[in-house]
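Take 1 as the starting number for the sequence shown in this note's numbering and just add one per residue.
Reading through the structure tokens given below for one structure.
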Amino acid sequence: MRVWPGEAALWLDENGVRHPRAARHVLAALAGRVTGRLTHGRYAARTAEGSTILTGPVSALALHDAEATIQFVVRVTPYGYGEEAF
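Set out below in structure tokens:
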């Protein structure tokens, strides 16, 4: 389990989130947790003990509060732009 923000760069690298398609899937999983839509695939988000847990193919990342979640989205969103189809 990685923890935001200290291990964010490591989590992004080991789970491939710096690639546009992966970044979009991570953001979709996070949005699905908020809207109640379940996502299927390599990335998932859930709430546990007041934290948001993002699970990737290699490891999980804990976002402990709403501010951490917003910071995460701001950091990952630029990676989600590319020419690949979603």
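Backbone N, C-alpha and C define an ideal beta-carbon position, used for all residues, glycine too.
Computed from a predicted model, the values in this text were never measured in an experiment.
Residue from the options with nearest C-alpha to residue i
i: Pro57; options: Phe72, Ala68, Val74, Asn15; result: Asn15
i: Leu173; options: Ala28, Val74, Ala62, Pro78; result: Any property of residue 173 remains undetermined from this structure, which presents the chain solely from 1 to 86.
Three-way DSSP call (helix, strand, coil) for residue i in this model
i: Arg18; result: coil
i: Val74; result: helix
Inter-residue spacing [alpha-carbon to alpha-carbon] between residue i and residue j
i: Asp13; j: Ser51; result: 21 Å
i: Trp4; j: His64; result: 8 Å
i: Thr69; j: Arg46; result: 12 Å
i: Gly41; j: Glu67; result: 26 Å
Own chain partners of residue i with C-beta closer than 7 Å, once the 5 adjacent residues on each side are dropped
i: Val26; result: Val17, Tyr43, Leu54, Val76
Close beta carbons around residue i, own chain, < 8 Å, minus the five adjacent residues each side
i: Ala8; result: Arg2, Leu61, Phe72, Arg75
Same chain, Cβ closer than 6 Å to residue i, neighbours up to 5 away in sequence not counted
i: Ala29; result: Thr39, Tyr43, Ala44, Ala45
CB of residue i within 8 Å of CB of residue j, strictly
i: Ala31; j: Gly80; result: no
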